[in-house]
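Undergrad: Pasting a structure below so you can have a look.
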Amino acid sequence: MEKDKNLQKFFVGAIISALATTAGFLIAPVEVRFLSSLTDNSILIGLTFAIGSLVFAILSIWFGRLSDRFGREKLILIGLLLGIIYPLLYASTYNIFQYMGVRFIWAFSGVAIGPIFVAYLQDLLKNSKKKGQYFGMLFSMESISGSVGALLGGFLSDSYGLVTPYYAIVFIFILATIIALTQMKFKNKPKPKEYEKRDILFSLRYIFKKPELIFYFFQNTSFGLGWGIKPFLWPLIIYELTGKDTITGGIFATMGIITFFALPFTGKFVDRKGFFNGAIISLLLFGSSGLVIVFSREIIIIWIAAAIYAMGEAFNGPTQAVILTKNVESKYRGEILGVNAVLDRTIQTVSPFFAGILLVSLLPQTVLFIYIIIYWITLPILIYIYNKKIKPTQQ
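Final position of the sequence shown in numbering that gives the first Met the number 0 is 394; the numbers increase by one with none missing.
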């Protein structure tokens, strides 16, 4: 009975997550242009994004700990309510510094409906035998929601003005908040859990004392490096061959469609065959298709390779979700996922930065080749960790 209730809550959460993803992608095509209307200083525009990421990182760990102690539901609700407020403030700003200030509110909302919400969903599935399948469905919904959000945001901006996508975010968060209030059954007075004093390095010690989480760390690092340079290097390579941005958009859209349909099935595979097989398959797909993209000069071949790469992403998502759900205790989950969010953002920020340095003297294909090699280096590391540290404990 409790499993059925948890599953019902999970699907409600999946709907809320899909709505939040749609909202987040609504301004993806227009935010830089809106910031450019506030200032012509590119340094201030970059600083605006950097401030948001920095505040997000700080709040992720702090609020993660709070959610472990006091419960996650009310923080999620506050995050959804702030999702109604911050777009209105964004749209009302008259200079870049006001926009920077609103980034603090955005960061609070982003943490609550980001790592804390993921921790909430993982708690619901911790006893399920179909973790991969359900998370695959969740990621599939988020994939299509993000695509719809980006397309809708561009359409609204072109048709009704640059600030219109911001107002659309308000409407979506109102809908998500109503669903949360009526379906998530928030407790009135959650009792604080017994406080366990944790120092600043607690989370890192927790991660690196568990072989499964060390396995996850290497897998996630290699994926994050590749994810960080994909929107940077891939368009350069594709445009060099075709001279058309439309082809780049078509390739990325193809990848989104493939992951949308593949994720529920790859999630089932991870449930049946285990996270190790899911991780190895994803790395093999990343590494092999990446090499094709590096060395091919035929756009059709690159398009097919990109589709194969997307299948690697479809295996990667459920694999990582299953590892974290199984191997992070609920009483620490908020903090650990907060730290994980910080690591993700750090990796995905450092990755294009170093790629940019390498591009000063190397071709985009050469730089991409260096990053693809990381997948092949990670492969034997994961095999070693599994065979020497994880497999013996399972026998």
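Backbone N, C-alpha and C fix where the C-beta goes; we use that ideal spot for every residue, glycine too.
Tell me whether Thr348 sits in a helix, a strand or coil according to DSSP, three-state version.
TA: As a first step, residue 348 is located in the sequence shown; it is residue number 349 there, counting from the start. Residue state, collapsed to three classes: helix.
Undergrad: Rounded to a whole number of angstroms, what is the C-alpha to C-alpha distance between Tyr385 and Asn94?
TA: As a first step, residue 385 is located in the sequence shown; it is residue number 386 there, counting from the start. As a first step, residue 94 is located in the sequence shown; it is residue number 95 there, counting from the start. Rounded to the nearest angstrom, the gap between the Cα atoms of Tyr385 and Asn94 is 52 angstroms.
Undergrad: I believe Gly135 touches Gly316 by the beta-carbon criterion, under 8 angstroms. Please report the beta-carbon distance rounded to the nearest angstrom.
TA: The residue you call residue 135 lines up with position 136 of the sequence shown. The residue you call residue 316 lines up with position 317 of the sequence shown. Yes, Gly135 and Gly316 are in contact; Cβ-Cβ is about 7 angstroms, under 8 angstroms.
Undergrad: Please state the DSSP three-state secondary structure of Met183.
TA: Here residue 183 corresponds to residue number 184 of the sequence shown, with the count starting at 1. Of the three classes helix, strand and coil, the one that applies to Met183 here is coil, per DSSP.
Undergrad: Considering only residues of the same chain and omitting the five flanking positions on each side of Lys188, which have a CB-CB separation below 8 angstroms?
TA: Looking up residue 188 in the sequence shown gives position 189. Because Lys188 carries a pLDDT of 48, less than 50, the predicted location of this residue cannot be relied on, and the following value inherits that uncertainty. If we look at Lys188 and ignore the five residues flanking it on each side, it has no Cβ neighbours.
Undergrad: Sorted by chain position, which residues of the same chain lie with C-beta nearer than 8 angstroms to Asp343's C-beta, five sequence neighbours on each side aside?
TA: As a first step, residue 343 is located in the sequence shown; it is residue number 344 there, counting from the start. Contacts found: Asn219, Gly223.
Undergrad: Closest to Asn276 by CA distance: which of Ser59, Phe314, Leu79, Val291 is it?
TA: Along the sequence shown, read from residue 1 onward, the residue named residue 276 stands at position 277. If we check each option's Cα against that of Asn276, Phe314 comes out closest.
Undergrad: Measuring straight from C-alpha to C-alpha, what distance separates Ala278 and Thr92?
TA: For the purposes of this step, residue 278 is taken as residue 279 along the sequence shown, with counting starting at 1. For the purposes of this step, residue 92 is taken as residue 93 along the sequence shown, with counting starting at 1. So the two alpha carbons sit approximately 45 angstroms from each other.
Undergrad: Report the option in Val359, Ala309, Ala17, Ala354 whose CA atom is closest to the CA atom of Ile228.
TA: Locating residue 228 in the sequence shown gives position 229, where the first residue counts as 1. It is Ala354.
Undergrad: Using C-beta distances below 6 angstroms, list every residue in its chain close to Ile168, excluding the 5 sequence neighbours before and after it, in chain order.
TA: Taking the first residue of the sequence shown as 1, we reach residue 168 at position 169. Result list for Ile168: Ala22, Leu25, Pro86, in chain order.
Undergrad: Between Leu151 and the rest of its own chain, which residues show a CB-CB distance below 8 angstroms, the 5 nearest in sequence each way excluded?
TA: As a working mapping, residue 151 is identified with position 152 in the sequence shown. If we look at Leu151 and ignore the five residues flanking it on each side, its Cβ neighbours are Thr21, Leu25, Pro164, Ala167.
Undergrad: With Ser156 and Val31 assumed to form a contact (beta carbons below 8 angstroms), what rounded beta-carbon distance in angstroms separates them?
TA: One-based indexing of the sequence shown puts residue 156 at position 157. One-based indexing of the sequence shown puts residue 31 at position 32. The pair is not a contact, with the Cβ atoms about 12 angstroms apart (cut-off 8 angstroms).
Undergrad: Buried or exposed for Ser41, going by 16 or more other Cβ atoms inside 10 Å?
TA: Position 42 of the sequence shown holds residue 41. Counting Cβ neighbours within 10 Å, Ser41 comes out exposed, since fewer than 16 surround it.
Undergrad: Using only CA atoms, which one of Ile173, Trp105, Ile104, Tyr89 lies nearest to Tyr98?
TA: As a position in the sequence shown, residue 98 is number 99, starting the count at 1. Minimum Cα distance to Tyr98 is reached at Tyr89.
Undergrad: How about Leu53 and Ile44: do their beta carbons lie closer than 8 angstroms?
TA: To locate residue 53, count along the sequence shown from 1; it is residue 54. To locate residue 44, count along the sequence shown from 1; it is residue 45. Taking 8 angstroms as the Cβ cut-off, Leu53 and Ile44 do not qualify as a contacting pair.
Undergrad: Spatial neighbours of Ile60 within its chain, please: CB distance less than 8 angstroms, with the 5 preceding and 5 following residues excluded, ordered by chain position.
TA: Counting from one through the sequence shown, the residue named residue 60 turns up at place 61. Here the set comprises Ser202, Glu334, Gly337, Val338, Val341.
Undergrad: Could you pull the start and end residues of the alpha helix (DSSP H) that Asn219 belongs to?
TA: Here residue 219 refers to the residue found at position 220 when the sequence shown is read from its first residue. It spans 210 to 241 - the alpha helix (DSSP H) in which Asn219 sits, taken as one unbroken run.
Undergrad: Given Gly131, which residues of its chain have a CB within under 6 angstroms of its CB, disregarding the five upstream and five downstream residues?
TA: For the purposes of this step, residue 131 is taken as residue 132 along the sequence shown, with counting starting at 1. So the qualifying residues of the chain are Gly266, Val269, Asp270, Pro317, Val321.
Undergrad: Between Ala306 and Ile257, which are expected to be in contact by the criterion C-beta below 8 angstroms, what is the C-beta distance as a whole number of angstroms?
TA: On the sequence shown, position 307 is the one that residue 306 refers to. On the sequence shown, position 258 is the one that residue 257 refers to. Rounded, the Cβ-Cβ distance is 6 angstroms, consistent with contact.
Undergrad: Do Gly255 and Ser142 have their C-beta atoms within less than 8 angstroms of each other?
TA: Here residue 255 corresponds to residue number 256 of the sequence shown, with the count starting at 1. Here residue 142 corresponds to residue number 143 of the sequence shown, with the count starting at 1. Cβ atoms of Gly255 and Ser142: closer than 8 angstroms.
Undergrad: Can you tell me whether Glu211 is buried or exposed, with buried defined as 16 or more other CB within 10 angstroms of its CB?
TA: Here the question's residue 211 lines up with position 212 in the sequence shown. It counts as buried.
Undergrad: Applying the criterion that 16 or more other CB atoms from any shown protein chain within 10 Å of the CB defines a buried residue, is Asp3 buried or exposed?
TA: Here residue 3 refers to the residue found at position 4 when the sequence shown is read from its first residue. It is exposed - the Cβ of Asp3 has fewer than 16 other Cβ atoms within 10 Å.
Undergrad: Can the beta-carbon of Leu240 be found less than 8 angstroms from the beta-carbon of Ile298?
TA: Here residue 240 is taken as the residue at index 241 of the sequence shown, counted from 1. Here residue 298 is taken as the residue at index 299 of the sequence shown, counted from 1. Cβ distance < 8 angstroms, so Leu240 and Ile298 count as in contact.
Undergrad: By a C-beta neighbour count over all protein chains shown, 10 Å radius and 16 as the cutoff for buried, is Tyr308 buried or exposed?
TA: The count along the sequence shown starts at 1 and reaches residue 308 at position 309. By the neighbour-count rule (16 or more Cβ atoms within 10 Å), Tyr308 is buried.
Undergrad: Quick check on Pro28: does DSSP put it in helix, strand or coil?
TA: As a position in the sequence shown, residue 28 is number 29, starting the count at 1. If DSSP states are grouped into helix, strand and coil, Pro28 belongs with coil.
Undergrad: Whose C-beta lies closer than 7 angstroms to the C-beta of Phe207 among residues of the same chain, with five residues either side of it excluded?
TA: Residue numbering aside, residue 207 sits at position 208 when the sequence shown is read from its first letter. Same-chain partners within the cutoff: Ile213.
Undergrad: Using 8 angstroms as the Cβ pair cut-off and three pairs as the minimum, do the stretch 116 to 133 and the stretch 345 to 353 touch?
TA: no
Undergrad: Between the stretch 169 to 177 and the stretch 77 to 85, are three or more C-beta pairs nearer than 8 angstroms?
TA: A contact exists between the stretch 169 to 177 and the stretch 77 to 85.
Undergrad: CB Ile50 to CB Arg102, shorter than 8 angstroms?
TA: For the purposes of this step, residue 50 is identified with residue 51 of the sequence shown, where counting begins at 1. For the purposes of this step, residue 102 is identified with residue 103 of the sequence shown, where counting begins at 1. Their beta carbons are under 8 angstroms apart, which means Ile50 touches Arg102 by this criterion.
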